[in-house]
Every structure is written in structure tokens, then in C-alpha cells.
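Residue numbering for the sequence shown follows the numbering used here, beginning at 231 and increasing consecutively. Read the structure below first, then the notes.
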Amino acid sequence: MKANFLSVTIVAACMVMVSCNNDDTAIPANDGAVRFTSGITATPDTRVAIDGEGNSLWEADDPVGIYMVGHNTFQPAEGNANVKYTASQAGASTAFTAGAAAIFYPQDETTAVDFIAYHPYTAAVTELTYPVALSQQTSQTAIDLMTAQADNNGSGYTKADGRNNIVVNFAFSHRLVKLVMNITKDASVTGNIPAVSINGMNTTALFDLTSATDGFSEAGAPAGITPFTATAGTKYEAILLPVAALADAHTVTFTTDGGDVYTWAMKKEIASLEAGKIYTYTVNVTRYGVSATGSINKWVVGSTGTGTAE
């Protein structure tokens with residue numbers, strides 16, 4: 231956060247003025263560095279990194295992208311668009327450290343700005359539009375889209391806030407959906423269940439980072455999703471796009487090592503998948519019928535209940 235974020239054009243202009251007239255006064259260095267922190271206060275947990283009570287945790291070096299925009303606008307201020315920062319330490323809260331360049335407040339004392347942040351960082355963000363891609367679930371932290379906005383309670387931030395050590399604290403919200411499946415197998419089902427597929431879900435979309443709620447558009451590329459294996463054969467997790475109404479195509483298939491396939495028709499138990507919610511189901515696979523139970527903890531705000539695989 232120590233680098234000066236003046237544009238190349240301004241720096242070059244200053245050099246020209248100084249070289250032409252030694253009596254000119256150079257523009258003073260900007261001492262208004264912006265300090266960023268966050269505690270993950272959103273519910274529910276959709277990250278792999280959690281504590282014993284299921285609360286979200288930052289992982290060290292988690293990358294975020296930050297925009298400084300004009301107060302009450304979404305126009306990047308002084309070229310500060312999609313600047314990469316990383317979490318400086320692991321835990322429920324963290325400070326963020328700048329990468330190649332830090333963000334500084336505008337030189338003008340009266341210019342107010344706001345901030346927009348998202349996780350995980352990608353250089354593919356353009357014009358505050360984030361490309362969601364969920365076909366690969368091996369690293370859930372790499373696809374766990376969270377966003378935050380900070381406007382200093384509607385007043386905006388100024389250079390004076392930097393000098394007064396005011397910290398921009400981001401309260402991130404999860405924008406996707408998490409499905410957790412605890413799998414049990416009846417003695418009537420021979421073999422193990424090494425293969426699980428979530429079917430019919432869109433795997434790509436665009437998210438508008440200026441949106442405070444549902445910013446998704448252009449969802450597409452439906453495909454089978456292999457969920458993250460939390461515990462082989464017994465627990466699988468996936469991060470999914472929201473779905474307004476689950477349909478016949480939305481199923482989960484469980485394949486035994488003997489080739490038998492059992493199918494859970496998700497819409498029987500779940501009407502929709504709402505953004506920012508976690509759905510936890512225990513699915514008991516049997517040859518003659520399926521029983522299931524649901525559970526909920528203090529961070530779960532989505533539906534829980536029973537599922538049927540047959």
C-alpha cells in the first residue's frame with residue numbers, strides 16, 4: 231500500500247515542468263493511501279475454509295479485486311479499476327495488502343469516492359462485469375463469488391479519511407448457492423459410490439458487480455457438475471448458480487463402482503436455489519426406497535430437508 235498511484239501522464243507532466251523551470255513547485259506526493267479490511271459477515275458459509283462452528287474464514291493470500299469509484303457513481307476514479315489486493319492473514323477478519331500498485335485517495339480534498347470489491351480476483355473482469363464459471367469444483371475458494379460495497383454510510387470517503395486512519399471495511403455477501411450432500415448407503419446397495427454428478431445446472435453467467443442483490447445475466451452452458459469431494463463416498467459439496475424454479479432436468483446421480491446409477495430428482499424437495507443460501511441434505515441411497523433427513527445450523531438460511539435418490 232506504499233506505492234504512489236499517480237498516472238503515468240501526470241508524473242511525466244511533473245517531470246517536464248520541473249526540468250523547464252526549477253522555480254515551479256512540484257505537485258506534492260499523495261499521502262492518502264486507502265486501507266482495506268474485512269470480516270466475512272455474510273451468511274451462509276460457501277467457502278472451504280471454515281471454523282469448527284461453520285463460520286467463514288479468510289485464507290491467507292485470498293485475492294480480491296477493488297474499484298475506487300466516484301461517490302454515488304460507478305465510474306472508476308483516477309484509473310483505480312480492478313486493482314488486486316490479497317488477504318494478509320487467515321482468520322474471520324483480515325486486512326488487505328496491495329499487489330503491484332496501491333489505491334490512493336484523490337488529491338483533491340473535496341472529492342468523495344466509494345469502493346466496490348469482489349472475491350476471487352480475476353483479470354477477466356471488464357466494466358464491473360464478473361464472468362462466473364462453475365464447471366470445475368476442485369477448488370471452491372476459487373469460484374466462491376462474494377461482493378461488497380462501501381460508501382461510508384452514504385457520505386463517501388475523502389483524502390482526510392486516509393490521513394485520519396479511517397479503514398474501509400468491506401462486508402462481503404455470497405452471491406452463489408451452496409449444496410451440501412451427506413450420502414449414506416443402505417446394505418441393499420452393493421459397492422461404493424465414487425461418482426456423483428449434479429445435472430442440468432447452468433455453469434456460466436455474468437454478474438454485475440454494481441448490483442447489491444441479484445446481478446446475474448446470460449446464464450448458460452448447462453452441464454453435469456462433478457461436486458467437490460469433502461469426504462470420498464460420503465460428503466460432496468458444490469457451488470451453483472441460483473435457480474428460480476428447479477425442473478425435471480435438475481437431478482443428482484450417484485453411480486456405484488459396480489455401475490448402478492441412482493437418481494435424486496431435486497425438485498421433489500427443493501423448489502428453488504436462492505442466491506446466498508446453503509442447502510444441506512442427507513441422502514440415503516437404497517435399492518428399494520430412499521430415506522433422507524435434513525439438518526440446519528445457525529449459518530444456514532436456505533432450505534434443508536429430505537432428498538430421494540432412486
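Note that CB positions come from ideal geometry on N, CA and C, so glycine has one too.
query = Out of curiosity, what's the CA-to-CA distance linking S525 and N310?
reply = The residue you call residue 525 lines up with position 295 of the sequence shown. The residue you call residue 310 lines up with position 80 of the sequence shown. Reliability fails at S525, whose pLDDT of 36 lies under 50, so the model's placement of it is uncertain and the value that follows must be treated cautiously. If I take the Cα positions, the gap works out to 44 Å.
inquiry  = If distances are taken between C-alpha atoms only, which option among R517, T327 and Q337 comes closest to P390?
reply    = Counting from 1 along the sequence shown, the entry for residue 390 is found at position 160. What sits at residue 390 in the sequence shown is Ala, not Pro. Of the listed residues, the one whose Cα sits closest to A390 is Q337.
key: Boundaries of the beta strand (DSSP E) in which G269 is found, first to last residue   = What you label residue 269 is simply residue 39 of the sequence shown in a count that begins at 1. First-last of the beta strand (DSSP E) with G269: R265 to G269.
request  = Label P424 either buried or exposed according to how many other C-beta atoms from any shown protein chain fall within 10 Å of its C-beta, with 16 as the threshold for buried.
outcome  = Counting from 1 along the sequence shown, the entry for residue 424 is found at position 194. Looking at its Cβ environment, which holds fewer than 16 other Cβ atoms inside 10 Å, P424 is exposed.
task = Go ahead and label Q379 buried or exposed: buried means 16 or more other beta carbons lie within 10 angstroms of its beta carbon, across all protein chains shown.
result = To locate residue 379, count along the sequence shown from 1; it is residue 149. Under this definition Q379 is a buried residue.
ask   = Hey, how far is the Cα of V491 from the Cα of D292?
value = Walking along the sequence shown from the start, residue 491 turns up at place 261. Walking along the sequence shown from the start, residue 292 turns up at place 62. Going by the C-alpha atoms only, they are around 38 Å apart.
inquiry  = On the CB-based measure, 16 or more other CB atoms within 10 Å of its CB, does G450 come out buried or exposed?
reply    = In the sequence shown, the residue the question calls residue 450 occupies position 220. G450 is exposed by the Cβ-count criterion.
message = When you compare the region 458–468 with the region 399–415, are there three or more beta-carbon pairs, one atom per stretch, that lie closer than 8 Å?
response = yes
message = Would you call the region 314–326 in contact with the region 357–371, where contact means no fewer than 3 C-beta pairs closer than 8 Å?
response = no
inquiry  = When you compare the CB positions of Y315 and V299, do they come within less than 7 Å of one another, or not?
reply    = Your numbering for residue 315 matches position 85 in the sequence shown. Your numbering for residue 299 matches position 69 in the sequence shown. Result no, Cβ atoms of Y315 and V299 do not sit closer than 7 Å.
task = Give me whichever residues DSSP pairs with Y297 in a beta bridge.
result = The sequence position of residue 297 within the sequence shown is 67, counting from 1. Paired residues: I346.
task = Answer yes or no: do V515 and V419 have a C-beta to C-beta separation smaller than 7 Å?
result = By 1-based counting over the sequence shown, the position of residue 515 is 285. By 1-based counting over the sequence shown, the position of residue 419 is 189. Yes. Within cutoff.
key: Inter-residue CB distance, V473 and S502 (contact presumed, cutoff 8 Å)   = As a first step, residue 473 must be located in the sequence shown, where it is residue number 243. As a first step, residue 502 must be located in the sequence shown, where it is residue number 272. Contact flag correct, Cβ pair sits at about 6 Å.
inquiry  = What does the Cβ neighbour count give for Y518, buried or exposed, with the cut at 16 atoms within 10 Å?
reply    = Mapped onto the sequence shown, residue 518 falls at position 288. Exposed, because fewer than 16 other Cβ atoms sit within 10 Å of the Cβ of Y518.
query = Secondary structure at K507, three-state DSSP: helix, strand or coil?
reply = Translated into the one-based positions of the sequence shown, residue 507 becomes position 277. It is coil, neither helix nor strand.
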